[in-house]
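Chains as they are written, first to last, in the numbering used here: chain B, 60 to 379; chain V, 121 to 400. Glycine included, every Cβ here is placed at the ideal spot set by N, Cα and C. One structure is given here, and the rest of the page talks about it.
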Amino acid sequence: MVAIQLDGVSKQYGSITALRNVDLTVESGEIFGFLGPNGAGKSTTIDILLDFVRPTNGSATVLGHDAQTESVAVRSKTGVLPDGYHVYDRLSGREHVQFAIDSKESTEDPLDLLDRVGIADAADRNAGGYSKGMTQRLVLAMALAGEPELLILDEPSTGLDPNGAREMRKIIREEADRGATVFFSSHILEQVEAICDRVGILNNGELVAEDTISGLRASLETDSRLDVTLENADNGAVSAAEDVAGVTSAIQDGSMLSIALTRESKYEVLAALDREGYSIVDFTTDESSLDDLFAAVTGEPRSEDHTEEDAAAAPTEVEQ
Amino acid sequence: MTWVAVAKKDFSDAVQSRSLWALSAFFILLSLGLTYGYSEFEFLSAGTETTIGGLVFFLGGIVGLFVSITSIVICYRAIAGERELGSAKLLLSLPHSRLDVLVGKVVGRTAVLAVPLIIALGLGLSIGIIVIGAGSILSAVIFLGWTFFFALVYVSIIVGLSALVSSTTKAAALGIGFFFIVEFLWDGVAFVLLFVANGFSLPTAAPDWYFVVTQVPPSNAYFSGLVALLPDVAAAVNASTGAAGFDAFYAVPEIGIVILCLWLIVPISIGYTVFSQADL
Chain B
60 MVAIQLDGVS KQYGSITALR NVDLTVESGE IFGFLGPNGA GKSTTIDILL
110 DFVRPTNGSA TVLGHDAQTE SVAVRSKTGV LPDGYHVYDR LSGREHVQFA
160 IDSKESTEDP LDLLDRVGIA DAADRNAGGY SKGMTQRLVL AMALAGEPEL
210 LILDEPSTGL DPNGAREMRK IIREEADRGA TVFFSSHILE QVEAICDRVG
260 ILNNGELVAE DTISGLRASL ETDSRLDVTL ENADNGAVSA AEDVAGVTSA
310 IQDGSMLSIA LTRESKYEVL AALDREGYSI VDFTTDESSL DDLFAAVTGE
360 PRSEDHTEED AAAAPTEVEQ
Chain V
121 MTWVAVAKKD FSDAVQSRSL WALSAFFILL SLGLTYGYSE FEFLSAGTET
171 TIGGLVFFLG GIVGLFVSIT SIVICYRAIA GERELGSAKL LLSLPHSRLD
221 VLVGKVVGRT AVLAVPLIIA LGLGLSIGII VIGAGSILSA VIFLGWTFFF
271 ALVYVSIIVG LSALVSSTTK AAALGIGFFF IVEFLWDGVA FVLLFVANGF
321 SLPTAAPDWY FVVTQVPPSN AYFSGLVALL PDVAAAVNAS TGAAGFDAFY
371 AVPEIGIVIL CLWLIVPISI GYTVFSQADL
């Protein structure tokens, strides 16, 4: 069963191409992370799924319905947290959620949904006085109304503090466990990495990658690094490590061994060193982050917070 | 059809606005003031005996202006405002068709305008009935019903205009432009039409179609419709539509009812056509 299917979707705003020939499939029941820098076309894609805008070319199908001609059917089974929305300042949180429940022709208690997103105590206050994080929680509660088959969340953690973002991830997981498909966009990579089954990466209106995170890692050959501190490091330890399948290089630096390897061979290396009689004092492991993948795929240095430590983690530098 | 949910949301939003309560207070004061003035001052009843029917036509002549202005104020942001702010995305994330949104808006905003309006006029007429005591109560009831319909028509026109654009500035310009051209300056427009149609000169007698042109402004159509619905009362109080000088079959007060029905349907249909194809 396919939840979302885009076939050759393009969107042209005057002379500006927002999306170029995008093909994308999201399977029913999966958590799909839709990544890309700001302005890549993520919101335009979501707008097309919800019939807020119409594609110049191509077609979009959501839950078996044509996104354009059967949009009401799509939206009756979908919960949405849109981007760039505004709430009704004079209506209370409870009235907002009640409106969503009425619109979905459902029968839940608005207070239960507000409680789930953690703002039940503000239910009767006007939404105009909510903080940004509370507003985001309110609209999430509206999206959850009517137990939707699909959740479309555009930058869901916008305005949330780390705690709020964690609760958001918890709710996303709960919804997925219930059987819902979750499609969410983000430019914050750690959050996508933490919960997604698969990701799609959009750059300049084109889908440049669609895979699982480990699949992306494998296809980009970005390795992990293992640093092991030994009581008695020597050349024998280096060759013992290099003999393990999956290890690309091992360098000794005093009592520390820096080993570049695939993710799966870490345990093997530790076991081999132990077998050869080396006593392990400490070890640290460093995986190339999604940031690095992202930079590799979109061809732009992503992280504003790329520290020296991160740079040292890049596989090429391990060889020094 | 989920327009009921949209209408309910729209109405409860507006009810919590202070301006609605100010509007209600204004309508009530206006209605009571007019009733008082009509029953106290001979010259306002135009030399005829003061009756409920007379009060109805006196109020009817003034209500048109206030309904047109207040519906522009209440409704110009109905669609354009939601698009400009971004609440349209919240609204259309839910399973409403764009037709549901328009119908819900028209119903919700009609309630916002008509509830205070009908309460205020009802209050004024009730006091009038007590004070004057002469004339049929039925004419007061018909007047209230027709005025309610007029409010619905005006809301539908302005919501239709609001659906054409995505900014409140443009929507305000459309609403004000509509009022100036179709209501305020219409006599001049009709005159220019007559002048042009007659080969850039003035005819000695106005052709029959000219009467229809004069009935185009919704508030004129409203007044003619009132004459058509209450012909005996209209005759008794000398309320006329200017149809007397024309003899075509359509030069009758009933044309006001037809024109008001067209105003109910046409602008909102154009608004829907544009809005249903628009990118949010």
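(request) Please compile the residues from chain V whose C-beta is within a distance smaller than 8 angstroms of the C-beta of residue 163 (chain B). (result) 214, 215
(request) Identify each residue in the segment 187 to 216 of chain V for which the Cβ-Cβ distance to at least one residue of chain B is less than 7 angstroms, and report them in chain order. (result) 205, 206, 207, 209, 210, 212, 213, 214, 215, 216
(message) So, under 8 angstroms CB-CB, residue 205 (chain V) and residue 145 (chain B) are touching, yes? Tell me the CB distance rounded to an integer number of Å.
(response) 4 angstroms
(message) Bridge partners for residue 64 (chain B) per DSSP, in chain order?
(response) B:84, B:120
(request) Would you kindly work out how many angstroms separate the C-alpha atoms of residue 299 (chain B) and residue 275 (chain B), rounded to a whole number? (result) 29 angstroms
(message) Do residue 115 (chain B) and residue 71 (chain B) count as a contact pair if the criterion is CB distance below 8 angstroms?
(response) yes
(message) For a quick check, are the C-beta atoms of residue 301 (chain V) and residue 196 (chain V) less than 8 angstroms apart?
(response) Result no, Cβ atoms of residue 301 (chain V) and residue 196 (chain V) do not sit closer than 8 angstroms.
(request) Flag this pair as yes or no: are the beta carbons of residue 73 (chain V) and residue 310 (chain V) separated by less than 8 angstroms? (result) Outside the shown range of chain V (121 to 400) lies residue 73 (chain V), about which nothing can therefore be said.
(request) State the Cα-Cα distance for the pair residue 401 (chain V) and residue 305 (chain V), rounded to the nearest angstrom. (result) This structure leaves residue 401 (chain V) out entirely; chain V is present only between 121 and 400.
(request) Might you give, ordered along the chain, the residues of its own chain that have their beta carbon closer than 8 angstroms to the beta carbon of residue 220 (chain B), omitting 5 neighbours on each side? (result) Apart from sequence neighbours up to five positions away, the residues of its chain that approach residue 220 (chain B) with a beta-carbon distance below 8 angstroms are 192, ordered along the chain.
(request) Can you have a look at residue 207 (chain B) and say buried or exposed, based on whether 16 or more other CB atoms are within 10 angstroms of its CB? (result) buried
(message) Tell me the rounded alpha-carbon separation between residue 228 (chain B) and residue 243 (chain B).
(response) 11 angstroms
(message) Closest to residue 220 (chain V) by C-alpha separation, out of V:336, V:129, V:345, would be which residue?
(response) V:129
(message) With a threshold of 8 angstroms between beta-carbons, can residue 154 (chain B) be considered close to chain V, or not?
(response) yes
(request) Can you tell me the Cβ-Cβ gap for residue 118 (chain V) and residue 158 (chain B), rounded? I've got them flagged as a contact below 8 angstroms. (result) Outside the displayed range of chain V (121 to 400) lies residue 118 (chain V), so it cannot be described from this structure.
(message) On the CB-based measure, 16 or more other CB atoms within 10 Å of its CB, does residue 423 (chain V) come out buried or exposed?
(response) Summary: the structure shown does not reach residue 423 (chain V), with chain V confined to residues 121 through 400, and so no result is reported for it.
(request) Would you mind sorting residue 147 (chain B) into buried or exposed? The rule is 16 or more other CB atoms within 10 Å of its CB. (result) buried
(message) Using beta carbons (cut-off 8 angstroms, strictly below), is residue 122 (chain V) in contact with chain B?
(response) yes
(request) State the beta-bridge partners of residue 72 (chain B) as determined by DSSP. (result) Per DSSP, the beta-bridge partners of residue 72 (chain B) are B:75.
(message) Is residue 386 (chain V) close to chain B? Criterion is C-beta to C-beta, closer than 8 angstroms.
(response) No, its Cβ sits nowhere closer than 8 angstroms to a Cβ of chain B.
(message) I'd like to know whether the C-beta atoms of residue 275 (chain V) and residue 230 (chain V) end up nearer to each other than 8 angstroms.
(response) yes
(request) For the segment 92 to 106 of chain B and the segment 283 to 296 of chain B, state whether three or more C-beta atom pairs, one from each stretch, are separated by less than 8 angstroms. (result) no
(request) Please work out which residues of its chain come closer than 7 angstroms, Cβ to Cβ, to residue 137 (chain V), disregarding the five sequence neighbours upstream and downstream, and give them in chain order. (result) none
(request) Note down the Cα distance separating residue 179 (chain V) from residue 387 (chain V), rounded to an integer number of angstroms. (result) Going from the Cα of residue 179 (chain V) to the Cα of residue 387 (chain V) covers about 27 angstroms.
(message) Taking 6 angstroms as the limit between beta carbons, can you name the residues of its chain near residue 124 (chain V), skipping five residues before and five after?
(response) none
(request) Could you check which residue in B:258, B:303, B:151 has the C-alpha nearest to that of residue 4 (chain B)? (result) Given that chain B is displayed from residue 60 to residue 379, the structure contains no residue 4 (chain B) and the question cannot be resolved.
(request) Give me the Cβ distance between residue 153 (chain B) and residue 182 (chain B), rounded to the nearest whole Å; I'm assuming they're in contact under 8 angstroms. (result) 4 angstroms
(message) Is the separation between the beta-carbon of residue 209 (chain B) and that of residue 239 (chain B) shorter than 8 angstroms?
(response) yes
(message) Can you tell me whether residue 430 (chain B) is buried or exposed? The criterion is at least 16 other CB atoms within 10 Å of its CB, across all chains shown.
(response) Because chain B in this structure spans residues 60 to 379, residue 430 (chain B) falls outside the shown range and cannot be described.
(message) Classify residue 273 (chain B): buried if its beta carbon has 16 or more other beta carbons within 10 angstroms, exposed otherwise.
(response) exposed
(message) Please classify residue 135 (chain V) as buried or exposed, where buried requires at least 16 neighbouring CB atoms within 10 angstroms.
(response) So residue 135 (chain V) ends up on the exposed side.
(request) Just the C-alpha distance for residue 345 (chain V) and residue 360 (chain V), rounded to the nearest angstrom, thanks. (result) 11 angstroms
(request) Show which residues of chain B have a CB atom less than 7 angstroms away from the CB atom of residue 132 (chain V). (result) Those are 150, 154, listed as they occur along chain B.
(message) Rounded to the nearest angstrom, what separates residue 166 (chain B) and residue 174 (chain B) at their Cα positions?
(response) If you draw a straight line from the Cα of residue 166 (chain B) to the Cα of residue 174 (chain B), it is about 16 angstroms long.
(message) Can you tell me which residues form a DSSP beta bridge with residue 268 (chain B)?
(response) B:260
(request) Taking residue 137 (chain V) as the query, report the chain B residues whose CB atoms sit under 7 angstroms from its CB, ordered along the chain. (result) Going along chain B in sequence order, the residues near residue 137 (chain V) (Cβ under 7 angstroms) are 149.
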